[in-house]
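Just so you know, we're using our numbering here: the sequence shown kicks off at 335 and counts up by one.
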Amino acid sequence: MASAACCRAPILRRPSRHYQWYWNYRQDDRKEEEWMKYINIDNEIIEDAYNEQKDEVEIDGGIMINLKQQIQYQKVDLSEQCVIKRVLLEERVGRNVHPQEERFSQTIVVSTTTPIDGQRDLPRRDADTHAASIEKYDLISDDVQTSHMTRSLHWIFSSVLGNKPATESENKNKERNDAIEHAIQKVLSVDKTQTGMQWMRSGYFSSGYELSELRSKNKTIANVVQEAAEGILKEGEAVGKLCQAQHLAQQLMKVKHYGEDIQVKYFKGIQCPSEIGDTFVNVYTKDSFWYKLLNGVLRHPKTASYDQLKTLGPFCFLLHSYLKNISTTDILRVYRGILLTTDEERKSFMDKHVRFLSFNSTTANRELAEIYGNTLLIIDLDTKFNAMQDCQVGASISHLSNFPEEEEYLLWTGACFEFVKYEYDDQKHKHIIYLKSSEANNNLFS
């Protein structure tokens, strides 16, 4: 039975969204322009303490907030104080809406190869032989005990080898099929941790976690939520953000019970309860250390460690899974502003095919995207490759975000795109790169 703490109102409906806390070093001059806002997550921590009628609360940096005396001070130096105040958001005049600069404008790291997409340029092969082709894709592994995944692996390896030539002899066809079968059997004998690491370092972080930590372990969604909370705490302590980490982990633990009876079926997809999924999205959008650390690792998978697979993987897996549950097809075009300082960086988006390695925030509002950076990505999502399937790459999360005015559309990890064209806007002095959702997304593992 759920505890009273678990049954508290979801975080999106809590009053903390309606108040902003400010601090001011100059106690003798309280003009509006002198007041500095606490960042989103610190504001939430302070507001929660205020609503719980606490006298004091700590935020990261060794900073204590005395709610009775309305002052802020350093734990190690009581003389270093400043005044604080609480303001109802609706009372503020002239509030400007700007997307979070770091989350909406940080450079996107792309990969120009997608191993499972056989209909495009694959990584260069060592030799024109079946064996060499298969060896380059030994990283592709799965629990092929099910017929569904056996067929999926067969499709992957067939794609790597290319379509069967019309003139191929019966012997060559047999060699080809034998090579595929050999590759499928070979992945069965690979250690699951090693295989998960290979997937992760190839840019498929969620699948790496699934292979390494979920296969044959009979975990529930609640177990994964618990692991995600523990991962946040461990990483937060390591980077000196334990207060933020404790606050974020607490939000996850409040909804953990919704997944207690839901088994995670390995590589069959999950239907994540909305109470859990909504909370994961909301936690991701907070202006905290967490989304920065998470995407920092996702953008550089080759340097990721097994410890990071275990601490970041659970959150990445459930967020990714839920975005697929609520994937959106009614938004036809999204935008992302980025700062690209070299032609080489810009050209990386102009290859025939690109894959985004991390979660990436975009917006349905072009004006918001144009605020930052010297390059605007215009991404066409209205691309259908047959009568039944859309090439979905993300979901609209504005209704779940801490910043709904940003009209955010969140791209999940591993989303694939095709380059369309490049323009330069002389009036706005901005590079414009047009991309469209790729057919590879129909078959993409992540």
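By construction, the Cβ of each residue, glycine as well, lies at the ideal position given by its N, Cα and C atoms.
Since the model is a prediction, treat every value here as computed from it, not as a measurement.
query, result
"Residue 542 versus residue 511: straight-line alpha-carbon distance, rounded", "27 Å"
"Candidates 421, 683, 704, 570: closest to residue 626 by CA position", "570"
"Classification of residue 741 by the beta-carbon crowding that lies within 10 angstroms, buried from 16 upward", "buried"
"Segments assigned alpha helix (DSSP H), at least 4 residues, entirely inside the segment 558-585", "none"
"Inter-residue spacing [alpha-carbon to alpha-carbon] between residue 782 and residue 422", "Outside the displayed span of the chain (335 to 780) sits residue 782, for which this structure offers no information."
"Three-way DSSP call (helix, strand, coil) for residue 336 in this model", "Model confidence at residue 336 stands at a pLDDT of 39, short of 50, so the residue's coordinates are unreliable and nothing is read from them."
"Nearest-angstrom Cα separation, counted from residue 390 out to residue 744", "36 Å"
"Contact belief for residue 732 with residue 738 at Cβ below 8 Å, rounded distance in angstroms", "5 Å"
"Counterpart residues of residue 407 in DSSP-defined beta bridges", "398, 415"
"For residue 598, three-class secondary structure by DSSP", "coil"
"Residue 722 in three-state terms, based on DSSP", "Annotation note: pLDDT 44 at residue 722 (below 50); position unreliable, coordinate value reported separately. Coil."
"Beta-carbon proximity of residue 789 to residue 357, cut-off 8 Å", "Residue numbering for the chain in the displayed model covers 335 to 780; residue 789 lies beyond these limits and cannot be assessed."
"Exposure of residue 529, with buried meaning 16 or more beta-carbon neighbours within 10 Å", "buried"
"First through last residue of the alpha helix (DSSP H) which encompasses residue 624", "623-632"
"The segment 599-614 / the segment 667-684 touching (three or more Cβ pairs under 8 Å)", "no"
"For residue 538, the three-state DSSP class (helix, strand or coil)", "coil"
"Touching by the beta-carbon criterion (3+ pairs, under 8 Å), the segment 387-402 and the segment 637-650", "no"
"Contact between the segment 577-584 and the segment 546-555 (3+ Cβ pairs under 8 Å)", "no"
"is_contact[residue 561, chain C] using C-beta, thresh 8 Å", "In the displayed structure, chain C is absent; only one protein chain is listed."
"Check: residue 754 C-beta below 7 Å from any heavy atom of the ligand SAH", "Among the ligands in the structure shown, none appear at all, so the ligand SAH cannot be discussed."
"DSSP bridge partner residues for residue 731 (one or two, in chain order)", "DSSP lists no partner for residue 731."
"Cβ neighbours of residue 660 in the same chain (closer than 6 Å, five flanking residues each side left out)", "729"
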